[in-house]
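Residue numbering for the sequence shown follows UniProt numbering, beginning at 1 and increasing consecutively.
Note that the Cβ used here is the ideal one computed from N, Cα and C, for glycine as well.
Structure first, commentary second.
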Amino acid sequence: MQNHSCNSDSEIQINATESNELLNGNEMKMTKFDRTDSEDDILEDYSDDCNCSSRLHCIKSRTALEKCLFVFSLIGLIIIIVLAACLGSKTPPPGMSICETQDCIEVSSSVLTSMDRSADPCQDFYQYSCGGWEKNNPAPPGYLMWDRFQQLSYTNLYRIKAILDDRTMTTSSEKKTKQFYDSCMAESKLNRLRTLSDFRSLVKNITDAANGTLGVLLESVHGLNAWPLFSVLVGTDDLNPDKNVVKIDIGDHKYPLRVKEVPIPSTTPAPNINSSVAPPSNHAGYAVINDPPTQSKTQYLQWNSTEVEKNYLQETIRILKVIWNMSDADASTMAKELLEIEKAITKTYENNNNNDNQTTPVPMKIVDLETSCSMIEWPMYLTVLTKNTGEVSSTDNVVLLERGSLLRTCALVDTYKKDANKFKLLQRYIMVHLISHLMPYFEADTFEPDLDYAVELEIDGEHWRRCVHYTNKALGFVTGSLYVNGMGKHTSVNKIKQIVQDVKLAFKDYLLRKIWLDPSTKKEASQKLDEMLEKISYPEYILKSEFLDKYYTQLNIGNDWFVNVQRWQEFQVKKMMSLLSKVPDRSSWINPPITVESDYSPVRNDVIFPIALFHLPFYTEAGPPAFNFGAIGSVIGHEITHAFDIKGRRYDGKGRLREWWDPMTADRFKLTTKCMKSQYDAYTYQGFQINGNNTLDENIADNGGLRAAFIAYQLWERQHGKDHHVPGLNMTNRQLFFVSYAQMFCSKWKKDGLIGHLIDDPHSPGPIRVRGSVSNTEAFAEEFNCPFVANYNPTTKCEVW
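In structure tokens form, the structure reads like this:
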């Protein structure tokens, strides 16, 4: 009845027959809830009765029927009794100790206040985990969306503000940081006329200097880090990670039209996966998402494009009126013409957001690029952009990341150049793009065309937030150094490193054991994990004033905010272009350490977890491991999984783009992703259908990260014994694991914020991230004793990793 298998050393063998990985012709059998091979339950599959040595581990292999009989006949009644006793008691089960550290108490408070205990976790786990947070956390002014990442970022910004306000700056870089911040704080609505005058002068100077020459115009605009038509960056060569190259990519755009909406009958409101997700209407800071009016199916499908067009037109009209002093009628007419240009340019990018479109970067000599794409004089343009450093010549190669898109853009621009009126409109489009790029650095009301200039207006109470945010972006290594020195108590890097190692081990020893993964590919995948760099907390060199002073030596800061913004934008481009003469350094950090954002880079094969993340609700130093594995552990697993998603898997352990997967294995991998794409395509949120293709890589990472973290926590339990119980929660530690995971994604939305997110962000909205990954995890249903047909326990479960 039971087949025991053993293997040696510390490696734990799983007898896996994963049903979602079995291939039958062109069909993929999708995972069922009652499958018997889940790594989610690895520890339950060990038998202490095996006649194996103490260093060997044993596994029971049961059929689905035997498993059901075993569960329901032998221990079903006992489980019900135990669960009832636990749920009805305010004290932990007998024999379970209570964690009484300050961190455990803070975790208990954070978790409890975020929950909605009245919700059924099996039917709406998001509401169960986040209902209290949504009710008790109104968004500060100016936020189109508010979530736990934003909340922690807001708290960290306030910490930086206190340092910038109170600390005496001594070094050159510290003084620049303080001056940059002070110049922003001094800029106010009282200076509105001067700011608008500065913008008009900037536009006039750039336009006059270009004198109708597109290449010269783009040199100035791109030099300020705004990228209409196309973008240029310098980075590691995907095909040769030992050198840096110039890369040309698609430009910035505001009209991608990537959102799909659900066709609905004309008499029913927009569907919603959870009606309880929508917060109360008309409450300040809450995401008020109104259902669209009753309309036909066709009209409803056009609703989103209408919203995007309306937003684009409104902003463009504002810019045209305040910068070019145009009348309402003229501004409206021109805005519509510029919208058509924006839509036409966006159409040239239309194939770039397809996860199945695995294009390979195309090296091309600059002189040949000029032949293929004649819209500008490329040698001169690149020479100016690199500040005449002599690093670029016409015989050098540049890399086209999206060759087809660039050539289509070139062809479109050539048609505009043949028509004088259209070419003038194109130039205006480029300048409007520049203004739109610079607008966020200034008071929002600066660009309101109907303000009474004579009226003195109070500075927005959240003015400081914008100033600290951009100070942290502009001089992030300095603010990071100030933050680290000002915090006093630092998170133990070794503890985070251990979690990273635990999650890596779980991924290597369990998630890489797919029956569709051939031995050769598996070996290289394991090696890629070994070669993955871990960047945790902050780089030590930011604590050295000599490094900081040298790094920012070319960033000149004065007392004028408008000038400082321009100098910062120019500094960013100059710093990027300077990499062309340097050898890639995998140990360097891209983002400042006070950024609430983790990252994986396939070309560097590195994961970054900055110190800004190491606070509730993501991590607590002396708190319960179940909480930390569920939160920061899943974040770590998410980034590691990116190394093996659709894009990341194409790079090897050195960061080189090459085909290291066996072709048959690669085909099987693609089949596993189809289940997940279809799953997320079926989800709707606030009337919008999730685009399962555009969010596929992030959904793969969410699912794989959660599974890797849960396996890592099970291994931790095996090594350390049962975790301490957290006081007041009245839940098991494994239940706490899943709740802490879900609570990272508590969020609320305003309509414009949600539309913008669905258009531009590859992540699914928070409630969908929770639902998709948790409902695919068999262990969740087991830990919460969910019935077989519960909302969060579907029969079909998708699994890539």
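From this set, the options, which residue's C-alpha is nearest residue i's C-alpha?
i, options, result
"residue 496", "176, 505, 619 and 672", "619"
"residue 114", "148, 402 and 550", "148"
"residue 101", "473, 624 and 538", "624"
"residue 448", "319, 790, 407 and 678", "319"
"residue 382", "564, 194 and 232", "232"
"residue 601", "649, 748 and 378", "649"
"residue 179", "240, 561 and 771", "561"
"residue 704", "239, 639, 558 and 717", "639"
"residue 171", "421, 553, 607 and 764", "553"
"residue 521", "484, 168, 328 and 668", "668"
"residue 343", "331, 429 and 674", "429"
"residue 445", "790, 187, 763 and 177", "187"
"residue 581", "245, 366 and 203", "245"
"residue 555", "615, 476, 481 and 621", "476"
"residue 607", "587, 616, 626 and 617", "587"
"residue 676", "610, 801 and 750", "801"
"residue 396", "405, 330, 384 and 379", "379"
Spatial neighbours of residue i within its chain, please: C-beta separation below 7 Å, excluding the five flanking residues on both sides.
i, result
"residue 596", "149, 152, 153, 156, 612 and 613"
"residue 645", "697, 700 and 701"
"residue 436", "315 and 319"
What separation, rounded to the nearest whole angstrom, lies between the Cα atoms of residue i and residue j?
i, j, result
"residue 654", "residue 604", "7 Å"
"residue 322", "residue 401", "37 Å"
"residue 549", "residue 478", "9 Å"
"residue 720", "residue 576", "47 Å"
"residue 693", "residue 664", "22 Å"
"residue 162", "residue 632", "27 Å"
"residue 796", "residue 504", "27 Å"
"residue 661", "residue 359", "16 Å"
"residue 181", "residue 567", "14 Å"
"residue 418", "residue 310", "30 Å"
"residue 443", "residue 465", "12 Å"
"residue 598", "residue 367", "39 Å"
If we count the other Cβ atoms within 10 Å of its Cβ and call it buried at 16 or more, is residue i buried or exposed?
i, result
"residue 590", "exposed"
"residue 637", "buried"
"residue 535", "buried"
"residue 474", "buried"
"residue 158", "exposed"
"residue 300", "Confidence at residue 300 is low in this model, with a pLDDT of 32, below 50, so its placement is unreliable and the value that follows should be read with caution. Classification for residue 300: buried."
"residue 141", "exposed"
"residue 487", "exposed"
"residue 715", "buried"
"residue 659", "exposed"
"residue 98", "exposed"
"residue 119", "buried"
"residue 127", "buried"
"residue 174", "buried"
"residue 325", "exposed"
"residue 788", "exposed"
"residue 481", "buried"
"residue 238", "buried"
"residue 348", "buried"
"residue 177", "buried"
Excluding the 5 residues preceding and the 5 following residue i in the sequence, name in chain order all residues of the same chain whose CB lies nearer than 6 Å to its CB.
i, result
"residue 508", "526 and 529"
"residue 769", "702 and 745"
"residue 628", "619"
"residue 506", "708, 711 and 712"
"residue 191", "none"
"residue 753", "144 and 145"
"residue 626", "723, 733, 736 and 737"
"residue 224", "569"
Tell me whether residue i counts as near the ligand MG, meaning its Cβ is closer than 6 Å to at least one heavy atom of that ligand.
i, result
"residue 649", "With respect to the ligand MG, the structure shown offers nothing to examine, as it has no ligands at all."
Excluding the 5 residues flanking residue i on each side, which residues of the same chain have their C-beta closer than 8 Å to its C-beta?
i, result
"residue 774", "125, 706, 738, 741, 742, 780 and 792"
"residue 410", "372, 373, 374 and 375"
"residue 414", "374 and 375"
"residue 132", "112, 113, 114, 115 and 116"
Any idea which residues DSSP pairs residue i with across the strands?
i, result
"residue 371", "Looking at the DSSP assignment, residue 371 forms no beta bridge with any residue, so it has no partner."
"residue 235", "245"
"residue 725", "98"
"residue 145", "749"
"residue 685", "688"
"residue 321", "DSSP lists no partner for residue 321."
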